[in-house]
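Engineer:
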Amino acid sequence: MHFRTFAYEDALFCHTIRKRAFTELFVDELTPAQISACIDAYALYDYLRMQKAGEFFIAEEDGVPRGFMTLKRLTRQKAEIPLIYIDPEHLGQGRGRECLRWLEQWVITNWPEVTRLTVDTVIPGINGGFYEAMGYAIDGETMCLCSGLDIPATRYFKMLPGLEAD
462 MHFRTFAYED ALFCHTIRKR AFTELFVDEL TPAQISACID AYALYDYLRM QKAGEFFIAE
522 EDGVPRGFMT LKRLTRQKAE IPLIYIDPEH LGQGRGRECL RWLEQWVITN WPEVTRLTVD
582 TVIPGINGGF YEAMGYAIDG ETMCLCSGLD IPATRYFKML PGLEAD
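Under our numbering, the first residue of the sequence shown carries the number 462, and numbering increases by one thereafter.
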């Protein structure tokens, strides 16, 4: 896989695979109202806005986008992964693991002071095992606000080998 920064023309891809994930994969864990709220939480222009608010990457294979990820620095020592999605047609083939490892390495290289990386998921029954297998631990419960609806989420974290705090 090759990783690059998000470009304007990637917005439709990101919007489409995120919508497909909710409508095809998450129906057993979320209610119809929660699915609608999550889908409606991001319009096409929101992906363009996210590009300016933090780090935004596209994972591609042979020039074809397969997934996307965003990173946000919270404090000097903390960062979060607000979004990480793989095209549903390409799940179960190691692409998610490769994307998460790449993100972690990006943080270690570019934000060496960051020692704690977090990710929230509204579908812990589906991807909680994935995060745990990747070395993340449960940090507690939280809420994700999607289109005005609070949706319960599980927060995971991983300690990274960052620099010591000043």
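All residues carry an ideal CB built from backbone N, CA and C; glycine is no exception. Keep in mind the model is a prediction, meaning the values are calculated, not measured.
Using 8 Å for Cβ pairs, my map puts A540 next to W572. What's the rounded Cβ distance?
Structural biologist: Here residue 540 refers to the residue found at position 79 when the sequence shown is read from its first residue. Here residue 572 refers to the residue found at position 111 when the sequence shown is read from its first residue. About 6 Å separates the two Cβ atoms, so the contact holds.
Engineer: For G590, report the span of its alpha helix (DSSP H) as first-last.
Structural biologist: Against the sequence shown, residue 590 aligns to sequence position 129. Residues 585 to 594.
Engineer: Name the residue from P585, V488, Y508 whose alpha carbon lies nearest to the alpha carbon of Y469.
Structural biologist: Sequence index remark: in the sequence shown, residue 469 carries index 8 (1-based). Of the candidates P585, V488, Y508, the one whose C-alpha sits nearest the C-alpha of Y469 is Y508.
Engineer: For the candidate residues G524, T570, L578, D501, whose alpha-carbon lies nearest to that of L610?
Structural biologist: Translated into positions along the sequence shown, residue 610 becomes position 149. Nearest of G524, T570, L578, D501 to L610, Cα basis: D501.
Engineer: Grab the span of the alpha helix (DSSP H) containing V580 for me, first residue to last.
Structural biologist: As a working note, residue 580 is residue 119 in the sequence shown. V580 -> not in any alpha helix (DSSP H); beta strand (DSSP E) instead, spanning 577 to 582.
Engineer: Nearest to F529 by alpha carbon, out of G596, S608, F467, P622?
Structural biologist: Position 68 of the sequence shown, counting from 1, holds the residue named residue 529. Per the Cα distances, F467.
Engineer: Is the separation between the beta-carbon of R537 and that of T579 shorter than 8 Å?
Structural biologist: For the purposes of this step, residue 537 is taken as the residue at position 76 of the sequence shown. For the purposes of this step, residue 579 is taken as the residue at position 118 of the sequence shown. Contact: no.
Engineer: At what residue ranges does the segment 467 to 545 contain a whole run of the alpha helix (DSSP H), taking only runs of 4 or more?
Structural biologist: Fully enclosed alpha helix (DSSP H) runs of 4 or longer: 472 to 481, 493 to 501, 505 to 514.
Engineer: So, R527 versus M462, is the Cβ gap smaller than 8 Å?
Structural biologist: Translated into the one-based positions of the sequence shown, residue 527 becomes position 66. Translated into the one-based positions of the sequence shown, residue 462 becomes position 1. Closer than 8 Å, so yes.
Engineer: Per DSSP, what kind of secondary structure is P613 in: helix, strand or coil?
Structural biologist: Stepping through the sequence shown from its first residue, residue 613 is reached at position 152. Correct three-state label for P613: strand.
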